[in-house]
Structures are given as C-alpha cells and as structure tokens.
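This report refers to the structure that appears directly beneath it.
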Amino acid sequence: MEESAPRSRRITFGCLVGASQVVGLASVVLTAVWMGHYHGGFAWDGTAKEFNVHPLCMVLGLIFLQGDAILVYRVFQNEPKKVVKVLHGIIHLLALIISIVGMVAVFDFHRTYGIPDMYSLHSWCGMVTLVIFCLQWVLGLLFFLFPVVSSQLRALYLPIHVFSGLVLLVLAIGSSLLGIVEKLLFSIMSTYSKRVPEGILANVLGILLVCFGVLMCYLISKEEYKRPPNPEEESLSIHFKSLTEGSPTSP
Ligand code: HEM
Numbered sequence: 001m002e003e004s005a006p007r008s009r010r011i012t013f014g015c016l017v018g019a020s021q022v023v024g025l026a027s028v029v030l031t032a033v034w035m036g037h038y039h040g041g042f043a044w045d046g047t048a049k050e051f052n053v054h055p056l057c058m059v060l061g062l063i064f065l066q067g068d069a070i071l072v073y074r075v076f077q078n079e080p081k082k083v084v085k086v087l088h089g090i091i092h093l094l095a096l097i098i099s100i101v102g103m104v105a106v107f108d109f110h111r112t113y114g115i116p117d118m119y120s121l122h123s124w125c126g127m128v129t130l131v132i133f134c135l136q137w138v139l140g141l142l143f144f145l146f147p148v149v150s151s152q153l154r155a156l157y158l159p160i161h162v163f164s165g166l167v168l169l170v171l172a173i174g175s176s177l178l179g180i181v182e183k184l185l186f187s188i189m190s191t192y193s194k195r196v197p198e199g200i201l202a203n204v205l206g207i208l209l210v211c212f213g214v215l216m217c218y219l220i221s222k223e224e225y226k227r228p229p230n231p232e233e234e235s236l237s238i239h240f241k242s243l244t245e246g247s248p249t250s251p
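Following the numbering used here, the numbering of the sequence shown begins with 1 at its first residue and continues without gaps.
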C-alpha cells in the first residue's frame with residue numbers, strides 16, 4: 001500500500017487480504033478433507049481416487065491461485081512493476097499447470113469407466129472457463145510480459161485483460177458450485193436431505209468459495225486499493241516507447 005495512505009485504510013486492506021487468504025486456504029483444505037476422508041483419498045490410477053484429484057486441483061489452481069495472482073498487483077504496491085508482473089505470470093502459470101492436471105484426472109477417470117464426456121452443465125461451464133483461462137494467459141504473455149505488440153494496442157487491451165480476469169474468477173467459482181452439487185447428487189443423493197456431515201461439509205465449501213469470490217471482487221474493484229501510477233516507471237516506459245517506436249521529434 002502507498003506510504004501516505006491513511007492508516008485505517010491500510011489496516012482494512014490488510015484485514016481483507018488476510019481474510020481472503022484464510023477463506024481461500026480453508027476452501028482448499030476442505031476440498032482435500034472431502035475427497036480424502038469421504039472418498040478414499042488420492043491416486044493416479046484411473047479410479048475414483050484419481051477423480052478426487054480433479055476438485056482439489058481446480059479449487060487450488062483455478063480459484064485460490066488465480067485469485068492470488070490477481071491480488072499481487074494490489075498487495076505489492078511499492079515493488080517495481082516488472083517484478084510484480086513476473087510474479088503475476090508465475091502464479092498464473094502454476095495455476096494453469098495445476099488446473100490442467102485436474103482436468104486430465106477427470107477425463108482419465110471417465111475413460112477408465114466408460115463414462116461419457118462433456119454432457120453436464122458443469123462440464124460445459126468448466127471447459128469454457130479453462131479455455132478462456134488459457135487464452136487469457138497466452139494473451140497476457142504476448143501483450144505484457146514479452147510484449148510483441150505496440151504500446152497503443154497494449155493500452156487498449158489492458159482493461160479487457162483486467163475485466164476478463166475477474167470474469168474468469170467468477171466463472172471458476174460458478175463452475176465449482178455446479179461441480180459440488182453434481183458430486184453430491186452422485187454420492188449422497190438419498191441422504192443429502194437428511195443433512196449428513198458430507199453434505200454440510202460440501203455446502204460450507206460452496207459458501208467459502210462464494211466468500212472468496214466476493215472478497216476478491218471487492219479488493220480488486222475498489223479504486224483506492226489500486227496500484228498508484230509511479231511517475232518514474234511511467235517516464236521510463238515513455239522513454240522506452242520513444243526508443244522503440246520513434247517519438248514525434250525523432251526522424
Ligand atoms: C473451476 C473449477 C472446475 C472446472 C473448470 C471443472 C471442469 C470439469 C470438466 C470439463 C468436466 C468434464 C470432464 C469430462 O467430461 O470427462 C468435469 C467433470 C466433473 N467435475 Fe469438475 N470442474 C471444476 C471443479 C469441480 C469441483 C470443485 C467439483 C466438486 C466435486 C467438480 C466435480 C466434477 C464432477 C462430479 C465431474 C464428473 C461429471 C461431469 O462430467 O460433469 N468439479 N469438471
């Protein structure tokens with residue numbers, strides 16, 4: 001946060017970031033407990049234990065890590081922009097790898113048992129989310145980390161990139177809620193209405209994911225938490241721009 005920012009604003013910001021981390025980590029732990037305790041744990045053998053890798057990887061990668069990758073711009077306000085950009089890209093890469101592992105796990109599991117692919121609303125929404133996530137990552141790389149386009153195009157794409165990031169987080173949480181309901185219907189359809197512990201645990205997980213999404217949307221959209229423009233970095237980038245694209249005074 002900015003040095004001059006009022007103390008109370010910095011404290012509120014710190015508390016909200018802390019809360020988001022507690023809620024996000026609790027979601028990951030609860031998913032692991034759900035799959036570990038109620039569904040026999042994890043393995044990579046095509047069985048139901050391999051399916052269990054799917055929810056864990058999706059919640060960890062596409063929700064928790066994706067949220068944190070976005071948050072680095074708000075948290076590290078005094079670090080050089082280049083460093084924050086690289087950190088943003090690395091956390092996103094980690095999120096992408098973990099999500100792909102989670103996706104392979106469920107397709108593998110379906111193949112072992114001859115279960116049809118891509119028939120449910122959850123699978124459609126989930127696939128759309130992952131495809132947009134991959135696109136967003138590649139475009140982010142080409143536009144910002146190793147820019148191959150003009151600074152005008154970059155400036156044009158930036159708000160789209162920021163908006164898509166938030167949409168992706170919302171889509172990932174929405175898809176996970178659908179996945180949670182589907183898993184409950186498969187595993188405890190006859191006892192869900194009796195408020196059995198597994199059903200309650202899964203409901204709490206869903207609520208935590210929604211809370212994580214709300215906290216993230218608030219932290220990311222609030223104007224006063226945004227990274228203030230750094231005159232030094234701005235002038236450096238203008239200098240770089242005039243060197244690479246030619247300024248009105250250059251030949
Ligand atoms: C953003 C997170 C998620 C994404 C992108 C996602 C994506 C997908 C996709 C594409 C499939 C279809 C696989 C196939 O047809 O072979 C699938 C299956 C499944 N997922 Fe997820 N998933 C996510 C989170 C979750 C969570 C948290 C659960 C909770 C347990 C879950 C439960 C299931 C279940 C039960 C299936 C098998 C039935 C079906 O194909 O719909 N998913 N998921």
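Cβ atoms here follow ideal geometry from the backbone N, Cα and C, with glycine treated the same way.
Residue range of the alpha helix (DSSP H) that residue i falls in?
| i | result |
| --- | --- |
| Q66 | Q66 to V75 |
| G41 | No alpha helix (DSSP H) contains G41, which DSSP labels as neither H nor E. |
| F186 | S151 to I188 |
| G24 | R7 to V33 |
| M216 | P197 to S221 |
| P55 | V53 to C57 |
| D108 | K81 to Y113 |
| S123 | L121 to G140 |
How long is the line joining the alpha carbons of residue i and residue j, rounded to whole angstroms?
| i | j | result |
| --- | --- | --- |
| W137 | G213 | 20 Å |
| Q21 | A48 | 30 Å |
| I188 | G199 | 8 Å |
| V86 | L209 | 27 Å |
| F42 | V33 | 11 Å |
| L215 | S164 | 17 Å |
| F64 | H92 | 11 Å |
| D117 | L25 | 30 Å |
| L30 | G61 | 15 Å |
| F107 | E224 | 43 Å |
| P14 | Q77 | This sequence places Gly at residue 14; Pro is not what is there. G14 and Q77: Cα-Cα distance of roughly 13 Å. |
| W44 | F109 | 9 Å |
| S27 | P55 | 11 Å |
| V104 | V170 | 22 Å |
| L168 | L96 | 13 Å |
| L205 | V196 | 14 Å |
| G89 | A202 | 31 Å |
| R9 | V17 | 12 Å |
| S242 | I132 | Low local confidence applies: a pLDDT of 43 at S242 is under 50, so the model's placement there is unreliable, and no value is given. |
| S250 | K82 | Low confidence applies to S250: its pLDDT is 30, below 50, so where it sits in the model is not reliable, and the reading given next is rough at best. About 27 Å. |
| V102 | S120 | The identity of residue 102 in the sequence shown is Gly, whereas the question assumes Val. Answer to the nearest angstrom: the Cα atoms are 17 Å apart. |
| L184 | P6 | 46 Å |
| A19 | R154 | 33 Å |
Comparing the C-beta of residue i with each C-beta of chain C, is any distance below 8 Å?
| i | result |
| --- | --- |
| K194 | Annotation note: the requested chain C is absent from the structure, which comprises a single protein chain. |
May I ask you to verify whether the region 66-80 touches the region 34-47, counting CB pairs closer than 8 Å and requiring at least 3?
-> no
Does the pairing of the region 136-153 with the region 171-181 give three or more beta-carbon distances under 8 Å?
-> no
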